[in-house]
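Colleague: In this note's numbering, the protein residues as written are 51 to 379.
Heads up, the beta-carbon is just placed ideally off N, CA and C, and yes, glycines get one too.
Note that the structure is predicted; figures quoted are calculated from it, not measured.
(1) At 3 residues or longer, and completely inside the region 214-271: list those beta strand (DSSP E) runs for me, N to C.
(2) Any C-beta of chain D sitting closer than 9 Å to the C-beta of residue 340?
(3) What are the partner residues of residue 168, as DSSP defines its beta bridges?
(4) Output the boundary residues of the beta strand (DSSP E) element that contains residue 62.
(5) Within 10 angstroms of its Cβ, does residue 372 collect 16 or more other Cβ (buried), or is it exposed?
(6) Of all the options 377, 80 and 59, which has the alpha carbon lying nearest to the alpha carbon of residue 236?
(7) Go ahead and label residue 137 buried or exposed: buried means 16 or more other beta carbons lie within 10 angstroms of its beta carbon, across all protein chains shown.
(8) If we ignore side chains and look at the alpha-carbon of each, how far apart do residue 156 and residue 302 end up?
(9) What number of angstroms, rounded off, separates the C-alpha of residue 328 from the C-alpha of residue 300?
(10) What ranges does the beta strand (DSSP E) occupy inside the region 325-352, keeping only unbroken runs of at least 3 residues that lie completely in it?
(11) Can you tell me where the alpha helix (DSSP H) holding residue 98 begins and where it ends?
(12) Pick helix, strand or coil for residue 309, following the three-state DSSP scheme.
(13) Report all residues from its chain with a CB closer than 8 Å to the CB of residue 352; omit the five preceding and five following residues, and keep chain order.
(14) In this structure, how does DSSP classify residue 372 when only helix, strand and coil are distinguished?
(15) Whose C-alpha, out of 294, 204 and 97, is nearest the C-alpha of residue 25?
(16) Using a 10 Å radius around the Cβ and a threshold of 16 neighbouring Cβ atoms, would you call residue 91 buried or exposed?
(17) Grab the span of the beta strand (DSSP E) containing residue 53 for me, first residue to last.
(18) With 16 other CB atoms within 10 Å as the buried threshold, where does residue 185 fall?
(19) Report the rounded CA-to-CA distance for residue 304 versus residue 174, giving the unit in angstroms.
(20) With residue 113 as the anchor, note down where its beta strand (DSSP E) starts and where it stops.
(21) Please determine, among 306, 253, 203 and 254, the residue with the shortest C-alpha to C-alpha distance to residue 365.
(22) Rounded to the nearest angstrom, how far is the Cβ of residue 223 from that of residue 248, given a contact under 8 Å?
(23) Does DSSP put residue 84 in a helix, in a strand, or in coil?
(24) Rounded to whole angstroms, what is the Cα-Cα separation between residue 289 and residue 62?
(25) I'd like to know whether the C-beta atoms of residue 196 and residue 219 end up nearer to each other than 9 Å.
(26) Between which residues of its own chain and residue 240 is the CB-CB distance below 8 Å, once the five residues before and five after are set aside?
(27) Measuring CA to CA, which of 278, 139, 280 and 263 is closest to residue 307?
(28) Contact defined as beta carbons within less than 8 Å: I believe residue 200 pairs with residue 171. What is the distance between those atoms, to the nearest angstrom?
(29) When burial is assigned at 16 or more other CB atoms within 10 Å of the CB, is residue 122 buried or exposed?
(30) Looking at C-beta atoms only, is the number of pairs between the region 153-168 and the region 98-114 that lie closer than 8 Å three or more?
(31) Going by the beta-carbon positions, is the gap between residue 165 and residue 187 smaller than 9 Å?
(32) Ignore the nearest five residues each way along the sequence and tell me which others in residue 53's own chain have a CB closer than 7 Å to its CB.
See below:
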């Protein structure tokens with residue numbers, strides 16, 4: 051297992067991050083425990099969670115599993131979403147951030163969260179209010195580092211400016227979506243992360259299952275997130291994405307690789323990415339993601355895969371100024 055610096059924090063994390071979104075949902079306690087032990091045995095020390103995952107149950111399961119080895123792990127969680135039902139139990143305002151962190155610590159059974167992400171952009175409160183709340187929980191010793199999930203590049207950059215001006219803890223990690231059919235992050239988010247030395251843990255490297263080999267034009271599995279969940283169906287609804295998935299599956303099969311293995315390896319090879327997040331419903335489904343560690347992703351292979359999809363235009367829209375991605379060396 052390779053351990054990489056998490057941005058400028060000095061913390062070293064495994065080259066894969068294990069995501070716990072399925073804990074307490076598609077994965078019961080037994081399946082969650084089996085996956086946890088599998089990735090720990092492999093050397094993964096990086097775990098992603100959120101208070102919204104199964105309304106806190108994922109944090110509870112993870113907290114129980116990590117007893118006795120908490121200090122060996124880097125644990126993330128997120129706050130923003132309303133899991134209690136109260137009108138004020140949501141958002142990025144200071145009141146909610148403090149309460150959400152206290153609740154997460156209890157569920158996780160720990161005294162600190164290594165990285166706390168703001169799960170969404172806060173529309174009601176100004177960003178300085180959000181950052182002040184995050185500063186408060188850091189100063190209280192409840193959170194070590196802060197991050198932004200699902201933020202645009204300008205939103206992160208604005209936050210960095212406010213933190214520098216006020217002398218507050220700054221965003222050190224971001225969590226954007228990134229996979230073969232969702233490449234918008236290549237335009238500004240990932241270059242910004244490189245410029246600001248941010249840790250990057252990307253989610254959905256397999257596109258919610260779209261790149262798993264189960265989806266082709268006119269073909270869908272009986273069970274799957276893209277098929278069963280409306281938000282995923284909308285996210286991956288465009289015909290070209292399914293067509294890309296079909297071409298990608300054929301390409302992976304010609305390489306003698308499981309599509310999931312190649313999809314994760316491709317996302318992980320971007321030089322800005324610290325670790326993609328992988329998860330599953332059970333250990334059998336998890337194995338192809340773990341096999342990505344064995345893939346030697348060359349520049350030529352990355353480019354061949356990228357050519358199967360649509361490459362986003364530069365932020366300036368000046369196509370003649372496009373700069374190709376140079377994979378992690």
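Modeller: So, to answer that:
(1) 221-225 and 249-252
(2) Included in the structure is just one protein chain, with no chain D present.
(3) One-based indexing of the chain shown puts residue 168 at position 118. In DSSP, residue 168 forms a bridge with 129 and 198.
(4) In the chain shown, residue 62 corresponds to position 12, counting from 1. It spans 62-64 - the beta strand (DSSP E) in which residue 62 sits, taken as one unbroken run.
(5) Residue 372 sits at position 322 when you count from the first residue of the chain shown. Using a 10 angstroms sphere on the CB of residue 372, the tally of other CB atoms stays under 16, which defines it as exposed.
(6) In the chain shown, the residue the question calls residue 236 occupies position 186. Taking only the C-alpha atoms, the option nearest residue 236 is 377.
(7) The residue given as residue 137 occupies position 87 in the chain shown. So residue 137 counts as exposed.
(8) As a working mapping, residue 156 is identified with position 106 in the chain shown. As a working mapping, residue 302 is identified with position 252 in the chain shown. Between residue 156 and residue 302, the C-alpha separation is close to 43 Å.
(9) In the chain shown, residue 328 corresponds to position 278, counting from 1. In the chain shown, residue 300 corresponds to position 250, counting from 1. Whole-angstrom Cα-Cα distance: 22 Å.
(10) 325-328
(11) Here residue 98 refers to the residue found at position 48 of the chain shown. Note, residue 98: premise wrong, no alpha helix (DSSP H); beta strand (DSSP E) at 96-98.
(12) On the chain shown, residue 309 is found 259 positions in, with the first residue counted as 1. The answer is helix: DSSP assigns residue 309 an H, G or I state.
(13) Reading the chain shown from its first residue, position 302 is the one you call residue 352. Cβ neighbours of residue 352 beyond the five flanking positions: 316, 319, 375 and 377.
(14) Working through the chain shown from its first residue, we reach residue 372 at position 322. Of the three classes helix, strand and coil, the one that applies to residue 372 here is coil, per DSSP.
(15) Limits of the chain in this structure are 51 at one end and 379 at the other, which puts residue 25 out of reach.
(16) On the chain shown, residue 91 is found 41 positions in, with the first residue counted as 1. Classification for residue 91: exposed.
(17) What you label residue 53 is simply residue 3 of the chain shown in a count that begins at 1. Segment 53-55, the beta strand (DSSP E) holding residue 53.
(18) Taking the first residue of the chain shown as 1, we reach residue 185 at position 135. Counting Cβ neighbours within 10 Å, residue 185 comes out buried, since at least 16 surround it.
(19) Within the chain shown, residue 304 is the residue found at index 254, counting from 1. Within the chain shown, residue 174 is the residue found at index 124, counting from 1. The alpha-carbon atoms of residue 304 and residue 174 are separated by roughly 50 Å.
(20) Numbered from 1 along the chain shown, position 63 holds the residue referred to as residue 113. Boundaries around residue 113 are those of the alpha helix (DSSP H), 107-115, since no beta strand (DSSP E) includes it.
(21) Counting from 1 along the chain shown, the entry for residue 365 is found at position 315. When each option's Cα is compared against that of residue 365, the closest is 203.
(22) If you number the chain shown from 1, residue 223 lands on position 173. If you number the chain shown from 1, residue 248 lands on position 198. About 6 Å; that satisfies the 8 Å criterion.
(23) Here residue 84 refers to the residue found at position 34 when the chain shown is read from its first residue. The answer is helix: DSSP assigns residue 84 an H, G or I state.
(24) Counting from one through the chain shown, the residue named residue 289 turns up at place 239. Counting from one through the chain shown, the residue named residue 62 turns up at place 12. Spanning the two alpha carbons is a distance of roughly 40 Å.
(25) Translated into the one-based positions of the chain shown, residue 196 becomes position 146. Translated into the one-based positions of the chain shown, residue 219 becomes position 169. Yes, Cβ-Cβ distance for residue 196 and residue 219 is below 9 Å.
(26) In the chain shown, the residue the question calls residue 240 occupies position 190. The answer, listed in chain order, is 226, 228, 250, 320, 322 and 323.
(27) The residue labelled residue 307 in the question sits at position 257 within the chain shown. For the residues 278, 139, 280 and 263, the minimum Cα distance to residue 307 belongs to 263.
(28) Here the question's residue 200 lines up with position 150 in the chain shown. Here the question's residue 171 lines up with position 121 in the chain shown. That pair is a contact at about 7 Å.
(29) Numbered from its first residue, the chain shown carries residue 122 at position 72. Classification for residue 122: exposed.
(30) yes
(31) As a working mapping, residue 165 is identified with position 115 in the chain shown. As a working mapping, residue 187 is identified with position 137 in the chain shown. No, the Cβ-Cβ distance between residue 165 and residue 187 is not below 9 Å.
(32) Taking the first residue of the chain shown as position 1, residue 53 is located at position 3. In the same chain as residue 53, and ignoring 5 residues on each side of it, the C-beta atoms closer than 7 Å to its own belong to 62, 63 and 64, in chain order.
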